[in-house]
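There are 2 protein chains.
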Amino acid sequence: MRSVLVVGGGPAGLSASAELADLGVPTVLVEREGSLGGNPVRWKYPVLVPDLRPAGEVMDPLISRVASHPNIERLLAASVASVAPSPTGFHVTIRQGTETLERDVGAAILATGFEHFDPHRKHEYGYGRLADVLDFKDVERMLAEGKLRRPSNGAVPRRVAWLLCVGSRDIQVGNTWCCRMGCAVSIKQAIEVRERYPDVEAYVYYMDIRTPGLWEKLYWSSMSEHGVRFIRGRIGHITVAPDGQRLLATSEDTLLHRPMEEAFDLIVLATGMEPGPGTSEAARVFHVPQGPEGFLAPRSAESNPVDSGTPGIFLAGAATGPKAISESVTEGMGAALLAYRHVRA
Amino acid sequence: MRSVLVVGGGPAGLSASAELADLGVPTVLVEREGSLGGNPVRWKYPVLVPDLRPAGEVMDPLISRVASHPNIERLLAASVASVAPSPTGFHVTIRQGTETLERDVGAAILATGFEHFDPHRKHEYGYGRLADVLDFKDVERMLAEGKLRRPSNGAVPRRVAWLLCVGSRDIQVGNTWCCRMGCAVSIKQAIEVRERYPDVEAYVYYMDIRTPGLWEKLYWSSMSEHGVRFIRGRIGHITVAPDGQRLLATSEDTLLHRPMEEAFDLIVLATGMEPGPGTSEAARVFHVPQGPEGFLAPRSAESNPVDSGTPGIFLAGAATGPKAISESVTEGMGAALLAYRHVRA
C-alpha cells in the first residue's frame with residue numbers, strides 16, 4: 012500500500028494519522044513544532060468547550076495513539092520544502108534541521124491549523140505595554156497552572172473583563188471573519204474564574220454572543236449559575252485608571268446607548284484565529300488555492316470540506332477556517348477515509 | 012465482510028452509505044420517508060449557505076451515488092423496529108409497510124437528522140391563522156419555485172421581515188438551544204429576495220447574529236451589498252394591521268431601547284431544529300442515550316462526536332445536534348471510517 016503524508020500534528024492531523032495507521036497505511040507525519048498536539052498543547056488549554064472537560068482527556072489519547080504507532084513515521088521540527096508529481100503520487104522533500112529527507116507518498120492531508128491573532132497589533136488595547144492586559148492564551152496558561160494573578164502586582168484580581176472579537180470581525184486589521192471559538196472560550200474562562208474565585212466579578216464585552224447549537228447551554232449557565240455579566244459594546248481603548256493601579260476600559264454600551272468607562276484589574280483579549288505561515292506554505296508547495304481570508308479553500312465548502320479538488324490532496328481542521336477541536340478530529344477522520352480510498356486503489 | 016446498517020437517508024446517512032459502499036462494505040440504508048435526501052430535499056432548499064450554491068449541486072451527486080450503488084440495499088418508507096445483539100453484531104428487524112425484514116449487520120450508523128420546529132406552537136405569531144406569516148420552509152419552496160408572493164392576495168410583497176430564533180433559545184417552548192443555521196439561512200433568504208426583487212425591503216429581527224467563522228461574509232455582504240436591514244429585538248406578537256391588509260409586528264428594539272410597531276407584507280419565521288421522532292426511536296431501539304435537549308449524546312462531544320460509546324454503533328449529522336450540510340457530510344465520512352474498521356476486523 013502506498014503511504015500518506017500528513018502535514019500538521021494538531022487535533023486534525025493526529026486524528027487523520029491515527030486512523031490511517033490503524034487501517035494499515037504507512038503514514039508520514041510532518042510537524043513544524045518540536046512536539047505533537049498543536050495549539051491546544053502548545054498553549055496549554057486547560058478545559059474544553061462546551062462541557063469543560065479537561066483538555067488532556069481529549070488530547071492525551073490522540074497523542075499517545077500517534078506517538079507509539081508502528082505505522083507512523085513522526086518527523087518533528089520539520090517542514091515540507093517541495094512537492095513534485097511522481098508515478099505513484101507525490102515525491103516530497105522534507106527539511107528537518109540541516110537534514111533533507113525524501114519520501115514518496117500516494118496522497119497528502121493538509122492539517123496545518125491556525126495561529127492566534129497577535130494582540131500587539133491592536134495598539135489601543137495596550138497588550139505588552141499594560142501588564143494587566145492579557146490575552147486568551149495567557150489566561151489559559153494561568154488557569155492550567157492554577158493561579159490567576161495580576162502580573163503588575165501578583166494579587167488576585169477583583170474585577171475581570173473579557174473583550175471579544177480582538178482581531179476578528181475587524182476590517183481595520185484586515186480580519187473580517189469570526190473566530191468561531193472566542194465567545195465560547197471566553198465564557199468558559201469566565202465560568203472557570205468564577206468557580207475558583209467566587210469573589211471575582213466577571214464581565215464579557217460582546218457584539219453578538221455566538222454559542223451556536225448546543226453550546227448555548229454554556230451561555231445560559233454562565234448567567235444563571237455563575238453570575239457572569241454581559242455588556243453589549245466594543246471597547247475603544249484601554250488606559251491606566253486615575254488610581255494608577257487599575258485599567259480603564261472605554262466603550263459604548265450599545266444596549267443602553269451611552270458611553271461607558273469601567274475600571275478592571277485584569278482585561279482579557281479574546282484573540283481570533285488566523286491562517287498561519289504553515290497554511291500559506293502548504294498552499295504554495297501543494298498548489299492548493301487560498302480563500303479571500305487566507306485559509307485553504309476546499310473545492311466545495313458546502314458539499315465536502317475535506318476535498319481540495321486536486322486528486323490525492325485532502326484538507327482537515329482549522330487550515331480551512333476556524334474550527335472546534337471536535338470538528339477538527341471529525342474532519343481528520345473524513346480526510347483519512349478519502350486518502351485511504353485513494354492510496355488503496 | 013460484515014454489513015453496516017445506516018439509519019437515515021439525509022446528508023449524513025447518504026455520505027456514510029456512499030463511502031462504505033465504495034470501500035466494498037455491504038450497506039443497508041433505512042429511510043423512513045419515501046425518497047432519499049432528508050430535509051434539504053423534502054423541503055426543497057434552493058441554495059445553501061454560505062456561498063449560495065444551488066442545493067442540487069451538493070445533494071444530487073450524493074443521492075445518485077447512493078441510488079445506483081450495487082453495494083447498497085435501499086429500504087425506503089421503512090424503519091427499524093428492534094435490534095438484538097447477535098454473534099456477529101446486531102440482528103435488526105425492519106418494518107417496511109406490512110412487511111417485516113430481518114438483517115444481520117456488524118455495525119450501525121445512526122443518522123436520523125432533525126425536524127423543523129412546528130411554528131404553530133408559537134400561537135402569538137399567528138402561523139396557520141394569518142396567511143402572510145410564513146415559515147422558513149415555505150419561503151425556501153417559494154424561492155425554489157421562483158415566486159415570492161403574499162398568500163393572502165397573490166401580490167409581490169413590499170416589506171418582508173425575518174424573525175430569528177422561533178422555537179430556539181426559548182425556554183417557553185422548552186427549546187433552550189440555538190438552531191445554529193437560522194441566522195445564516197435567514198440572511199441568505201433575505202439576500203435572495205433582494206437580488207430577485209430589488210424593490211422589496213428586507214428586515215431581520217435578531218437577538219445575536221450568529222454567522223460563525225467564514226460565514227461572517229454572508230452577514231457583511233447582506234448589509235454592504237444587498238441593503239438588508241437588521242433590528243435587534245424579538246417580536247412579541249403579530250397581528251393584522253389597522254389597514255386590514257398588512258401584518259403588524261410588535262417588539263422592543265433593544266438597541267434603541269423603545270417599543271416598536273412595524274407593518275410588513277410578509278413575515279418569515281426562522282424555525283429551529285429539533286430532534287425528531289426518528290431520533291427518539293433510534294435512541295430507544297439502539298439504547299443510545301439522549302442529551303438534555305433530546306439529541307443523541309456521543310460518548311464525548313469534544314473528542315469524537317461520531318462515537319456513541321457502544322461498540323459498533325456510530326452517530327452522524329444532526330441526530331447529535333444542529334449541523335450544516337457540510338458538517339453532516341463530514342461526520343458521515345467519519346462514522347463510515349469507524350464502522351469500516353469495526354466490521355473489517
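Top line first, the protein sequences correspond to chains A and B.
Quick note: the first sequence uses the numbering used here, first residue 12, plus one each step.
Quick note: the second sequence uses the numbering used here, first residue 12, plus one each step.
Just so you know, even glycine gets a beta-carbon here, dropped at the ideal spot from N, CA and C.
Beta-carbon gap between residue i and residue j smaller than 8 angstroms
i      : j      : result
B:S337 : A:V69  : no
B:D143 : B:P162 : yes
A:G323 : A:G117 : yes
A:V41  : A:A89  : yes
B:F403 : B:I120 : Nothing about residue 403 of chain B can be reported from this structure: the residues present for chain B run from 12 to 356 only.
B:V296 : B:T123 : no
B:V77  : B:W226 : no
B:P130 : B:V204 : no
A:L25  : A:L47  : yes
A:E342 : B:T341 : yes
B:K228 : B:E151 : no
B:P51  : B:P98  : no
Outcome for residue i when other beta-carbon atoms lying within 10 angstroms are tallied against a minimum of 16
i      : result
B:I220 : buried
B:M284 : buried
A:S197 : buried
A:A356 : exposed
A:G185 : exposed
A:I202 : buried
A:H127 : buried
A:N164 : exposed
A:S14  : buried
A:L267 : exposed
A:I249 : buried
A:A327 : buried
A:S75  : exposed
A:A166 : exposed
A:S233 : buried
A:L12  : The sequence as given places Met at residue 12 of chain A; Leu does not occur at that position. Exposed, by the Cβ-count rule.
B:S262 : buried
Under the three-state DSSP convention, the category residue i falls into
i      : result
A:M284 : strand
B:T111 : strand
A:H298 : coil
A:T261 : strand
B:Y138 : strand
A:S46  : coil
B:R243 : strand
B:R207 : helix
A:C194 : helix
A:F128 : coil
B:P270 : strand
A:I120 : strand
A:W173 : strand
B:G100 : strand
A:P37  : coil
B:S79  : coil
A:I220 : coil
A:P316 : coil
A:L87  : coil
Member of the options whose CA lies at the smallest distance from the CA of residue i
i      : options                        : result
A:A92  : A:P65, A:T104, A:V299, A:R64   : A:T104
B:R85  : B:S28, B:A122, B:S197          : B:S28
B:Y217 : B:T265, B:P253, B:F306         : B:T265
B:C190 : B:T341, B:I202, B:T331, B:A346 : B:T331
B:P223 : B:L16, B:A335, B:E44, B:A350   : B:A335
B:L63  : A:H134, A:A312, A:G289, A:P333 : A:A312
B:P333 : B:A252, B:T290, B:P300         : B:T290
A:R352 : B:P22, B:A274, B:A347          : B:A347
A:W173 : A:F275, A:I83, A:N82           : A:F275
A:L277 : A:W231, A:G302, A:D149, A:R114 : A:D149
B:E212 : B:A260, B:E292, B:V171         : B:V171
A:K199 : A:W231, A:P81, A:P72, A:D181   : A:W231
A:Q183 : A:P209, A:L154, A:R132, A:R169 : A:R132
A:M344 : A:L73, A:A308, A:G108          : A:L73
B:E292 : B:F125, B:S179, B:E263         : B:F125
Residue i CB to nearest heavy atom of the ligand ADP below 7 angstroms
i      : result
A:R205 : By its list of ligands, the structure shown contains no ligand whatsoever, and the ligand ADP lies outside what it can speak to.
Item to check | Interfacial residues, the region 180–193 of chain B to chain A, with Cβ spacing under 8 angstroms | outcome: R180, T187, W188, C189, C190, R191
Checklist entry - Mind listing which residues of the region 323–336 of chain A have their C-beta closer than 7 angstroms to chain B's C-betas, in chain order? => result G332, P333, I336
Next on the checklist: At a CB distance below 9 angstroms, what residues from the region 219–243 of chain A approach chain B? Give them in sequence order.
Outcome noted: D219, I220, R221, T222, P223, G224, L225, W226, E227, K228, Y230, W231, R243
Checklist entry - What are the residues of the region 116–138 of chain B that lie near chain A, defined by any Cβ-Cβ distance shorter than 7 angstroms? => result none
Next on the checklist: Short of 8 angstroms Cβ to Cβ, which residues in the region 244–272 of chain B face chain A?
Outcome noted: T265, L266, L267, H268
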